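Chains as they are written, first to last, in this note's numbering: chain L, 83 to 291; chain Z, 83 to 291.
Worksheet: the structure to be examined is printed underneath.
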DNA sequence: ATTTACAAACAGTCAAGTTTGTTTGTTTGA
DNA sequence: TCAAACAAACAAACTTGACTGTTTGTAAAT
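In structure tokens:
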């Protein structure tokens, strides 16, 4: 019975364990909710002992903020990538709205709703998250600024439309918790896409109406 | 040291105590957050013993759902009252948006954000809240339907604009938790009021553009 | 190339503090 | 006198942080 485990460097072990903890934390947050999220459960989902976690993190709060920050950073990566690709390609406004709706409703904002209220009651928690959230908004800005330049729309105005879009999507996702009705949200999204299209007139072709 | 307490009927005592518990529950929920809301704290804020609460409610969950339902019912009352008064008077669309923003950001949606995620993980909780939330939306519907009839706009369309407005407001309030910037939200609200105005052309006068 | 010493990574247990539901006792109104 | 309204104490269950011990990798010395 030779051990089938390949030897890994300490750094690799550490990095992988941290990743496991982060993933487990977000999973538990999403599936069980903030008030039910215990370090015991996180360790179980991560397949680790609680003692191992105390080696990597000093407190529960540190585990949470680290996991959330890592999650947002990852979203940022994808956001900037999309912004660059989109800027070169010059896509439609509909596409942006769909993209935002998609990645927000795919767990991101549900997880956000779990920890967001905590920041109202925990200054440290809030202080730790504000910088990553700022970066998140820079990522969004990159997308809409690219669009604004292409369409010759003032960036200030683009920013307002962007922020409004984000708020609509947040509000819609919040509502999905108590109201499940696909058509309802589809109608609203369609309506909003129409409005955004109006705000960003297409430069040459692609005007469908 | 004669007791200065006036004798009250059992029903009065009971009703007042229930009201105190409800108020305290919402207060604690708003100020301390869902995960920090304990029955001990609620009792303290209500100025009651925990034992007294167990007489009125069988469980913590019952205390919470009762308080939340009562809060929403009270909002509904005001909503329907506004709808009636507004319908007779025939106010502006700006006014509606302002009104919604006002009562949503005055604690209502902050409290909602505290308990909303819980409904994702607690079916009983959710089942108890869905009917009151439905009534809440009927109240909103009453306002916008009144407007739609006055302006000769299809009610379906009014409903979409209404729901979008609600979602924007929800999303904005959620964002205020991590971003405080009065001007930012003022600009967005102004932009949105403009959009709503476009969707509901004034019947005769009051066209400002 | 081993051996040896050390630090990082991990597991498991314990005690202190909270929280909730229950139970028992007391006061107030019908 | 009886029941509702309230108070207070209790027990069981959780959760967290701290502490102790074991394994795994690293690097220096032989």
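Glycine included, C-beta positions come from ideal geometry on N, C-alpha and C.
Just so you know, these numbers come straight off a predicted model, no measurement behind them.
Worksheet item: Roughly how many angstroms lie between the CA atoms of residue 281 of chain Z and residue 228 of chain Z, to the nearest whole one?
Response: 15 Å
Fill in: Terminal residues of the alpha helix (DSSP H) in which residue 180 of chain Z lies
175 to 185
Worksheet item: Which of the three DSSP states, helix, strand or coil, is assigned to residue 238 of chain Z?
Response: helix
Fill in: Neighbouring residues, chain Z, relative to residue 200 of chain L (Cβ below 8 Å)
115, 117
Worksheet item: Given a threshold of 16 other Cβ atoms within 10 Å of its Cβ, counted over all protein chains shown, does residue 159 of chain L qualify as buried or as exposed?
Response: exposed
Item to complete: Mind checking the stretch 247 to 272 of chain Z against chain L and listing, in chain order, the residues whose C-beta falls within less than 8 Å of any C-beta there?
Response: 248, 249, 250, 251, 252, 253, 254, 256, 257, 259, 260, 261, 266, 269, 270
Discussion item. Considering only the alpha carbon of each residue, which of L:169, L:129, L:245, L:204 lies closest to residue 367 of chain L?
Written reply: This structure cannot speak to residue 367 of chain L, because chain L is shown only from 83 to 291.
Discussion item. Let me make sure I understand the geometry here. Which of L:105, L:226, L:114 has the alpha-carbon closest to that of residue 166 of chain L?
Written reply: L:226
Discussion item. Can you find the residues in the same chain that come closer than 7 Å, C-beta to C-beta, to residue 164 of chain Z, ignoring five residues on each side of it along the sequence?
Written reply: 181, 225
Discussion item. If the criterion is Cβ atoms closer than 8 Å, does the pair residue 192 of chain Z and residue 255 of chain Z meet it?
Written reply: yes
Practice prompt. Identify which residue in L:265, L:150, L:173 has its Cα closest to the Cα of residue 194 of chain L.
Written response: L:150
Item to complete: Quick one: using the 10 Å Cβ neighbour count with 16 as the cut-off for buried, is residue 87 of chain Z buried or exposed?
Response: For residue 87 of chain Z, the predicted structure reports a pLDDT of 44, less than 50, and the residue's modelled location is therefore unreliable. A value from the coordinates is still provided. Classification for residue 87 of chain Z: exposed.
Discussion item. With a threshold of 8 Å between beta carbons, is residue 244 of chain L in contact with chain Z?
Written reply: no
Fill in: Any 3 or more C-beta pairs closer than 8 Å across the stretch 97 to 114 of chain Z and the stretch 171 to 187 of chain Z
no
Worksheet item: Is residue 130 of chain Z closer than 8 Å to residue 82 of chain Z when the C-beta atoms are compared?
Response: No statement about residue 82 of chain Z is possible, as the shown extent of chain Z runs from 83 to 291 and does not include it.
Practice prompt. List the residues of chain Z that residue 211 of chain L touches, going by C-beta distances under 9 Å, in chain order.
Written response: 260
Worksheet item: With DSSP run on the structure shown, which of helix, strand or coil describes residue 289 of chain L?
Response: Note that residue 289 of chain L scores 39 on pLDDT, short of 50, meaning its location in the model is unreliable; the coordinates nonetheless yield the value given after this. DSSP places residue 289 of chain L in coil when its eight states are reduced to three.
Discussion item. For a cutoff of 8 Å on Cβ pairs, would you count residue 138 of chain L as touching chain Z?
Written reply: no
Practice prompt. Below 8 Å CB to CB, which residues in the same chain sit around residue 239 of chain L once its five sequence neighbours on both sides are set aside?
Written response: 230, 281
Worksheet item: residue 215 of chain Z CB to nearest chain L CB: under 8 Å?
Response: yes
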